[in-house]
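Chemist: Take a look at the following structure, please.
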Amino acid sequence: MANYFDNSHIDGKQLTPQQIADAIRHKKFGVDVREAMAQGLEYCMTQAQKVDKLEQDLSNLDKRVTALEVLPNEVAEVKRDIGTINKQIDKLNLAVFGDGATEISIDSQNDINNAKKAKGISIDYDNDKR
Numbered sequence: 018m019a020n021y022f023d024n025s026h027i028d029g030k031q032l033t034p035q036q037i038a039d040a041i042r043h044k045k046f047g048v049d050v051r052e053a054m055a056q057g058l059e060y061c062m063t064q065a066q067k068v069d070k071l072e073q074d075l076s077n078l079d080k081r082v083t084a085l086e087v088l089p090n091e092v093a094e095v096k097r098d099i100g101t102i103n104k105q106i107d108k109l110n111l112a113v114f115g116d117g118a119t120e121i122s123i124d125s126q127n128d129i130n131n132a133k134k135a136k137g138i139s140i141d142y143d144n145d146k147r
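Here is the structure:
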């Protein structure tokens, strides 16, 4: 049988969850039991709102993790693309400069005139302007 021995009033005090349970079980007067029940319901609603917020945060975090999970594949793809581009650059360098040839730096008009000659043959680039 229930023992309603507590005849003290709550008087607007904010109770802890344990105090709420004790008040519902042992308060002698209905007004105090109702107040304890109301505070218990308010506490439950506050906790439910916190859970909703945590669920939303977890959902957002899960979306971010999912987006990050594809990055290693994308990084590997970019590395493959870089390798392909480097091979193409090497082929172009070989095609343009030949095997072991080096680039010639042109600094003056004299260098430009000398660059127009190949093995004693003068190349007339001025024909393009006519």
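Heads up: the sequence shown at position 86 corresponds to 103 in our numbering, and the numbers run straight through without jumps. All C-beta atoms in this analysis are idealised placements derived from N, C-alpha and C, irrespective of residue type, glycine included. Because the structure is a prediction, the values reported are computed rather than measured.
1) Measuring straight from C-alpha to C-alpha, what distance separates Ser25 and Arg51?
2) Can you check whether the CB of Ala19 is closer than 8 Å to the CB of Leu32?
3) Could you tell me how far apart the beta carbons of Met34 and Tyr60 are, in whole angstroms, since I believe they sit closer than 8 Å?
4) Quick one: grab the DSSP three-state call for Lys30.
5) Using 8 Å as the threshold, is the C-beta distance between Asp28 and His43 below it?
6) At which residue ranges does the stretch 32 to 80 contain complete alpha helix (DSSP H) runs of 4 or more residues, listed in the order of the chain?
7) Please confirm whether Ile37 and Gln56 have their CB atoms less than 8 Å apart.
8) With 16 as the cutoff for other CB atoms within 10 Å, does Asp49 come out buried or exposed?
9) To the nearest angstrom, how far is the alpha carbon of Lys104 from that of Ala84?
10) Using the three-state DSSP reduction, which class does Asp98 fall into: helix, strand or coil?
Modeler: According to the structure data:
1) Whole-angstrom Cα-Cα distance: 14 Å.
2) no
3) Residue 34 is actually Pro in this sequence, not Met. Yes, Pro34 and Tyr60 are in contact; Cβ-Cβ is about 6 Å, under 8 Å.
4) Coil at Lys30, not helix or strand.
5) no
6) 34 to 43
7) yes
8) Counting other Cβ atoms within 10 Å of its Cβ, Asp49 reaches 16 or more and is therefore classed as buried.
9) 31 Å
10) helix
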